[in-house]
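Novice: Below is one structure. I have some questions about it.
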Amino acid sequence: MKKFFYLFVLLFFVDLIMVMTGFSSNFDNAISLFFSVHNNVTFTNTFKIISFICSPKFMIVLNVLLFIFIILKKKYKLLIIVLSSISSVIINNLVKIIVRRERPDYLRMVMEKSYSFPSGHAMISVLFFGSIIYLVNKYNLKYKKLITFSLSTFVLLVGISRIYLGVHYLTDVVGGYLLGFIVLFLIIHLFERKKFV
């Protein structure tokens, strides 16, 4: 697990350097242009729904409901999901302010006001659904392979949706994924060390 953690840290800083130096600009623009040209109504509506599920408003409601469930049912092990979501919002916004990367200039299909790097949707999808995958596998729940595959696929689609909808570059999404995994590793380590899970 430590090897993956250090690998993700290294890859994140490589991605960050590529973004801040403009090294990835041509590649990012080419990918964004491809998606802006190749679109249709079915894909657009589908990706809007996928993107909405990981939007701040929906995630706030989801986490509030989950927190209430945790308190009422005393399922405190599930707090790792809520903590992961809160950490995602705080850290993501902090990095956005530091990097201050503008969003793509291509046709945007949804409105976004914050900076582009790293993708908040990609990051919170990794932390929220990643923490669920962790719990499912840790406690060897029934259908764990199906749940892991389904949630992993959804996380991947979240990233694709953000590029398709014209609000992120590929490196924004990659950065969001990597930073999400880094934070998730740290939170899991904290919870296991304190024996919360």
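Okay, so the sequence shown: first residue is 623 according to this note's numbering, each after it adds one. Just so you know, even glycine gets a beta-carbon here, dropped at the ideal spot from N, CA and C. These figures come from a predicted structure and were not determined experimentally.
Locate the alpha helix (DSSP H) running through L787, then write down its first and last residues.
Specialist: From DSSP, L787 is part of no alpha helix (DSSP H); its letter is neither H nor E.
Novice: Roughly how many whole angstroms lie between the Cα atoms of G752 and L700?
Specialist: About 12 Å.
Novice: Identify, in the order they occur along the chain, each residue of the same chain with its Cβ nearer than 7 Å to the Cβ of M640, setting aside the five sequence neighbours on each side.
Specialist: Closer than 7 Å at the Cβ level, and outside the excluded window around M640, lie S646, T793.
Novice: Which residue marks the beginning of the alpha helix (DSSP H) containing P823, and which one marks its end?
Specialist: Because the chain here runs from 623 to 819, residue 823 falls outside it and cannot be looked at.
Novice: Based on Cα-Cα distance, which residue from K766, E724, V636, K735 lies nearest to S677?
Specialist: Considering only alpha carbons, the answer is K735.
Novice: Using only alpha-carbon positions, find the residue among E814, L812, S783 that is nearest to N662.
Specialist: When each option's Cα is compared against that of N662, the closest is S783.
Novice: On the DSSP letters alone, give me the boundaries of the alpha helix (DSSP H) that Y765 sits inside.
Specialist: Run containing Y765: none; DSSP gives neither H nor E here.
Novice: Can you name, in chain order, every residue of its own chain whose Cβ lies under 6 Å from the Cβ of N714, other than the five neighbours on each side?
Specialist: Within the same chain, N714 has close Cβ partners G742, M745.
Novice: For L757, does the count of other Cβ atoms within 10 angstroms reach 16, so buried, or fall short, so exposed?
Specialist: Counting Cβ neighbours within 10 Å, L757 comes out buried, since at least 16 surround it.
Novice: Of the residues L633, F669, M623, which one's Cα is nearest the Cα of R730?
Specialist: Closest option to R730, Cα to Cα, is F669.
Novice: Cβ atoms of L773 and S707: under 8 Å apart, would you say?
Specialist: The answer is no: Cβ separation not under 8 Å.
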